[in-house]
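In this note's numbering, the protein residues as written are 143 to 409.
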């Protein structure tokens, strides 16, 4: 099986093995990394955190666990401009620096091993965590509690005052949606660092995971344009047009399609 096939197979397990799937994404981009070393590092991390946790009921252990991760050096990556290493799980484990989603995936795996109830939340711009049924969210970067007021402030900091908190921002993230978000992050990071073939791997994975949206096809079409694959670009622009609900974007897509060569070619 290829790393991509392994990744998708992990999501078909019961329960889905999200952490393992994310490591297969790492393998797809870095075939040389030692998977066994990463798992040994996670085993050691589990032992350290388990030994340091206070004696509390299981529902109250999530925040102390996140604080322990932070104390062990796991922090949000602040490298500017950002690099793919900030999203690739194996480099986050190695460097102890990463994007919120990567830190959350590590926290979710440790929580699973220690039987601590914890779930991901697909909050815009900054992936969050939550104890099921709790009235607050948790920041994977240090464990801070976020109540609705804090969530609104986080949105404004990232998107400006026109962005309003919605119920959809607080939905539990499914395993597939976490892998899709990871893939979108990596696609963006590889693209801004001019690694277009790596970005194309991520763009393909997004579509394979299912329920790709118009912007996903448009992003892959742009990569095909850069790589001079007009027929593949046409395919994705047509899909983006079918899925788009924005009248202005639809006009632009039609115009862009009209500028592509109509003859068939093999790429």
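From the three backbone atoms N, C-alpha and C, an ideal C-beta is built for every residue, glycine too.
- Take the alpha-carbon of residue 252 and the one of residue 272: they are about 14 Å apart.
- By the neighbour-count criterion, in which a residue is buried when 16 or more other Cβ atoms sit within 10 angstroms of its Cβ, residue 344 is buried.
- Taking 8 Å as the cut-off, the Cβ atoms of residue 245 and residue 282 count as close.
- At a cut-off of 4 residues, the continuous stretches assigned as alpha helix (DSSP H) that sit fully inside the segment 256 to 307 are 290 to 301.
- In this model, residue 341 and residue 329 are separated by some 4 Å (Cα to Cα).
- With contacts defined as CB atoms closer than 8 Å, residue 262 and residue 250 qualify as a contacting pair.
- For residue 190, same chain residues with a beta-carbon under 6 Å away, outside a window of 5 residues either side, do not exist.
- Under DSSP, residue 240 shares a beta bridge with 218.
- DSSP lists 263 as the beta-bridge partner residues of residue 314.
- The alpha-carbon separation between residue 144 and residue 167 amounts to approximately 11 Å.
- Here the C-alpha atom of residue 294 lies approximately 12 Å from the C-alpha atom of residue 279.
- Annotated as distal: residue 208 and residue 267, with beta-carbon spacing of 8 Å or more.
- A straight line joining the alpha-carbon of residue 372 with that of residue 394 spans about 17 Å.
- Ranked by Cα distance from residue 275, the first of 163, 313 and 291 is 313.
- Residue 169: member of the alpha helix (DSSP H) spanning 160 to 171, first to last residue.
- Excluding the 5 residues flanking it on each side, residue 398 has same chain C-beta neighbours closer than 7 Å at 379, in chain order.
- The continuous alpha helix (DSSP H) containing residue 365 extends over residues 356 to 368.
- In this structure, the alpha-carbon of residue 301 lies about 39 Å from that of residue 182.
- Within the model, the alpha-carbon separation for residue 331 versus residue 247 is close to 18 Å.
- In this structure, the CA atom of residue 221 is about 28 Å from the CA atom of residue 291.
- Residue 233 counts as buried, since no fewer than 16 other beta carbons sit within 10 angstroms of its beta carbon.
- In the three-state DSSP reduction, residue 251 falls in the helix class (H, G or I).
- Comparing alpha-carbon positions, the option among 214, 308 and 172 lying closest to residue 184 turns out to be 214.
- Around the Cβ of residue 260, a 10 Å sphere holds 16 or more other Cβ atoms; the residue is buried.
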